[in-house]
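A.B. asks: Have a look at this one.
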Amino acid sequence: EHPQIVKVYEYHEEYGQLFVIMELLEGGDLFDKVMELNAYNECVAAHLAHNVLKALEFLHTRGICHRDVKPENLMLRQKPPVDGQGEIDRILANVVLVDFGTATKFYGYDEGCLASITDFQGTPEYMAPEVIETSEKKRLGYNEKCDVWSLGVVMYVLLCGWPPFFAANQPQLFHKILAAQWSFPSNTIWDRISQPAKDFVVALLAGQPQDRPSATEAMQHEWILENTRSCFCSTPPSVSDGIPESCTLTEDNSEVMRGINSSFSSINMSFSASVDLNGAVRNLKKNVPGMKHTRTRKKSDANEYDEYKGKHLELTFTDEGHEIDEKAATVPLATSAPERTVPKAWNW
Numbered sequence: 311e312h313p314q315i316v317k318v319y320e321y322h323e324e325y326g327q328l329f330v331i332m333e334l335l336e337g338g339d340l341f342d343k344v345m346e347l348n349a350y351n352e353c354v355a356a357h358l359a360h361n362v363l364k365a366l367e368f369l370h371t372r373g374i375c376h377r378d379v380k381p382e383n384l385m386l387r388q389k390p391p392v393d394g395q396g397e398i399d400r401i402l403a404n405v406v407l408v409d410f411g412t413a414t415k416f417y418g419y420d421e422g423c424l425a426s427i428t429d430f431q432g433t434p435e436y437m438a439p440e441v442i443e444t445s446e447k448k449r450l451g452y453n454e455k456c457d458v459w460s461l462g463v464v465m466y467v468l469l470c471g472w473p474p475f476f477a478a479n480q481p482q483l484f485h486k487i488l489a490a491q492w493s494f495p496s497n498t499i500w501d502r503i504s505q506p507a508k509d510f511v512v513a514l515l516a517g518q519p520q521d522r523p524s525a526t527e528a529m530q531h532e533w534i535l536e537n538t539r540s541c542f543c544s545t546p547p548s549v550s551d552g553i554p555e556s557c558t559l560t561e562d563n564s565e566v567m568r569g570i571n572s573s574f575s576s577i578n579m580s581f582s583a584s585v586d587l588n589g590a591v592r593n594l595k596k597n598v599p600g601m602k603h604t605r606t607r608k609k610s611d612a613n614e615y616d617e618y619k620g621k622h623l624e625l626t627f628t629d630e631g632h633e634i635d636e637k638a639a640t641v642p643l644a645t646s647a648p649e650r651t652v653p654k655a656w657n658w
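Numbering (the numbering used here), first residue to last: 311 to 658.
Written out as C-alpha cells, the structure is:
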C-alpha cells in the first residue's frame with residue numbers, strides 16, 4: 311500500500327495459468343505524457359525523481375529490490391484532477407512503479423548488506439555494473455542499490471533525451487557500463503542543465519554501490535530539495551517568476567522530447583495486455599470445465615485456495631474493507647509459457 315506503487319488486489323493459479331487482479335492504470339506510460347507537456351523543465355524532472363525515490367524507499371526498507379526500474383515500468387494512475395491543479399501536478403501525483411516480475415527479497419538492509427542478491431535479472435540498458443559483475447562471477451552479489459543506478463539512467467534520459475550507455479550489441483553495452491564510459495557531452499543540451507542536476511545524476515551513477523546514495527539519501531540531495539520545495543510545476547516557466555532560472559531545461563523543450571522519443575524507438579519495449587475482470591471470468595467459464603464465479607469474500611490465507619484446484623473459483627476483492635468494482639481491475643493473462651518464465655512475461 312503505497313501511492314507510487316501499483317496495487318495488487320488478488321492472485322490465483324489455475325490449470326497452469328496465473329491470474330493477477332490489480333488496479334486499472336488508465337494514465338498510460340509516463341514518458342508518453344512527458345513528451346506531450348508544453349512546460350517540461352528540471353523542476354518537473356526533479357519531482358518525477360522524488361516520487362520514484364519514495365516508491366524505492368518504501369520497497370527497500372521492507373527488504374524488496376525491484377531490479378527493473380526503467381521508463382516502461384513508470385505509469386500514471388490518472389485520478390480525476392482536483393480543482394485548481396494543472397496537468398503537470400496531476401501527472402506528478404500519479405506516477406506509479408509497476409512490473410514486479412523480477413523483484414526479489416534481499417536481506418541485511420539495516421546492516422548495509424552489500425551482496426545478498428546473486429541472480430542475473432534486469433534490462434541491459436538500465437543494469438547496474440555490480441549486477442553484470444555478479445553474472446560474470448567477478449562479484450559475490452549485489453543489493454538494492456542497483457535500483458538507484460537504474461533510476462540514474464532514467465534521469466539522464468529525462469534530462470537530455472538520450473541514454474548514457476548505448477552500443478551495437480550487449481557485450482559492448484556491458485563493457486561501457488562496467489568501464490563507466492558515459493559523460494555530459496559539451497555543445498549539447500547538457501550545457502544548459504544546472505550543476506545540481508548533473509551532480510544528482512553523477513551520484514546515482516556511482517560505479518561502486520557503496521558510493522551510491524540510498525533512496526532515502528537521494529531524496530535529500532540539493533537538487534531534489536530545491537525543486538520540490540520552491541517550484542510550481544503546473545505553471546509554465548516562461549510566465550512565472552516563482553520558478554528558479556536553473557529549473558528551465560531549454561528554450562526549446564521539443565529538443566528533449568524528440569530525443570526521448572528517438573532514444574526509445576530503437577529499444578524493445580515490453581508488451582502488456584489486460585482485460586477487464588468480467589472478460590476474464592467469461593474466459594474462465596469457457597475454458598475451464600466446471601468453473602463458476604460468485605462474489606464471495608476472499609480467503610484470508612492464499613494457501614487456502616488449494617481447495618479450489620480442479621473445482622471452481624470464488625472471488626470478492628476488498629481494499630481496506632471496501633468492495634472493489636470488478637470492472638475497475640485488470641487481469642494480465644499468461645498462457646502456454648513455461649512455469650518458471652511466467653512471472654517474467656508480465657508487465658504489471
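Backbone N, C-alpha and C define an ideal beta-carbon position, used for all residues, glycine too.
#1: Excluding sequence positions up to five away, which residues of its chain have a Cβ less than 7 Å from the Cβ of THR414?
#2: What would DSSP say about LYS317, mapped onto helix, strand or coil?
#3: In angstroms with no decimal places, state the Cα-to-Cα distance between ASP339 and GLU454.
#4: Can you tell which of ASN361, PRO523 and PHE416 has the C-alpha that lies nearest to the C-alpha of ALA403?
#5: Hey, out of ILE487, ILE503 and ARG449, whose CA is closest to GLU436's CA?
#6: Could you say which of GLN518, ASP521 and PHE510 lies nearest to GLN530 if we only look at CA atoms?
#7: If I follow the unbroken beta strand (DSSP E) through VAL405, where does it start and stop?
#8: Less than 8 Å between the C-beta atoms of GLN431 and THR412, yes or no?
#9: To the nearest angstrom, how far is it from the Cα of GLU532 to the Cα of LYS317?
#10: Go ahead and pull the three-state DSSP assignment for GLU435.
#11: Is the distance from the Cβ of VAL467 to the Cβ of PRO381 below 8 Å?
#12: Could you pull out every residue in the same chain whose Cβ sits closer than 7 Å to the Cβ of THR526, ignoring the five residues on either side in sequence?
#13: Mapping DSSP to helix, strand and coil, what is TYR325?
#14: I need the straight-line Cα distance from GLU636 to TRP459, nearest angstrom please.
#15: Rounded to a whole number of angstroms, what is the C-alpha to C-alpha distance between VAL354 and LEU483?
#16: When the Cα of THR538 is compared with those of VAL441, LYS447 and LYS364, which residue comes out closest?
#17: Can you list, in chain order, the residues of its chain with a C-beta nearer than 7 Å to that of LEU384? Leave out the 5 residues immediately preceding and following it.
#18: What is the DSSP secondary structure of THR371, counted as helix, strand or coil?
#19: In angstroms, rounded to a whole number, what distance separates the CA positions of ARG502 and MET465?
#20: Per DSSP, what are the beta-bridge partners of TYR452 in this structure?
#21: For the alpha helix (DSSP H) containing LEU515, list its first residue and its last residue.
#22: In the DSSP assignment, what are the bridge partners of ASP457?
#23: Which same chain residues, not among the five before or five after HIS370, have their C-beta less than 6 Å away from its C-beta?
#24: In terms of residue numbering, what span does the alpha helix (DSSP H) encompassing LEU488 cover?
#25: What number of angstroms, rounded off, separates the C-alpha of PRO434 from the C-alpha of GLN480?
#26: Who pairs with MET385 in a beta bridge, going by DSSP?
#27: Got a sec, what are the start and stop residues for the alpha helix (DSSP H) GLU311 sits in?
#28: Below 8 Å between beta carbons: does that hold for PHE475 and TRP500?
C.D. replies: Result, derived from the coordinates:
#1: Excluding residues within five positions, the ones whose Cβ falls inside 7 Å are CYS375, ARG377 and ILE427.
#2: Secondary structure at LYS317: coil, using DSSP grouped into helix, strand and coil.
#3: 24 Å
#4: Comparing Cα positions, the closest option is ASN361.
#5: Before going further, note that residue 436 is Tyr rather than Glu in the sequence given. Ranking ILE487, ILE503 and ARG449 by Cα distance to TYR436 puts ILE487 first.
#6: PHE510
#7: Here the beta strand (DSSP E) through VAL405 covers 405-407.
#8: yes
#9: 31 Å
#10: helix
#11: yes
#12: GLU367
#13: Coil, per DSSP.
#14: With a pLDDT of 43 at GLU636, under the threshold of 50, the predicted position of this residue should be treated as unreliable, though the coordinate-derived value follows. Each residue's alpha carbon lies about 38 Å from the other.
#15: 29 Å
#16: It is LYS364.
#17: LEU340, VAL362, VAL405 and LEU407
#18: Coil.
#19: 15 Å
#20: For TYR452, which the question treats as bridged, DSSP gives the partners ILE427.
#21: That residue, LEU515, is in no alpha helix (DSSP H); it is neither H nor E in DSSP.
#22: In DSSP, ASP457 forms no bridge with anything.
#23: GLU454 and ALA525
#24: 480-488
#25: 7 Å
#26: Residue pairing of MET385 in beta bridges, as defined by DSSP: ASP339 and VAL406.
#27: Where GLU311 is concerned, there is no enclosing alpha helix (DSSP H), given that its DSSP letter is neither H nor E.
#28: Cβ distance not < 8 Å, so PHE475 and TRP500 don't count as in contact.
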